[in-house]
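Take the sequence shown: its position 35, counting from 1, is numbered 35 in our numbering, and each next residue is one higher.
Glycine included, every Cβ here is placed at the ideal spot set by N, Cα and C.
Okay, so here's the structure we're looking at.
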Amino acid sequence: DQMDQRGTYYISRLKLNTNVYVKNPNPEYFKNGAIKKQSEYIQIDVKQILKQLQPGETFELKNAYVGDKQQLFARVIFNRLTEK
């Protein structure tokens, strides 16, 4: 990605319905050795992660992919807000 090469970064809030993925460490393969596309990534259940966090607690995915059609490589930080 061009942003990585330039050493730049961005901060953005994700909508709750945004898909977040990680690379599957054990993808399925065809007989010819090609990865089966549907097994290349594992979708993360964002709602489940947020349910497990206590208010004020943070969870980080360092090697995540964000989006559905075009997946953008990113670091995703989940932060459960406090009442304040």
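Contact check between the region 43 to 52 and the region 7 to 21: three or more CB pairs, one atom from each, fall below 8 Å, which counts as touching. In the structure shown, L50 adopts helical secondary structure according to DSSP, grouped into three states. If you compare the alpha carbons of P25, A74 and R80 with that of Y65, the shortest gap goes to A74. K62 carries a strand assignment under DSSP once its states are collapsed to helix, strand and coil. Between the C-alpha atoms of G33 and E40 there is a straight-line separation of about 13 Å.
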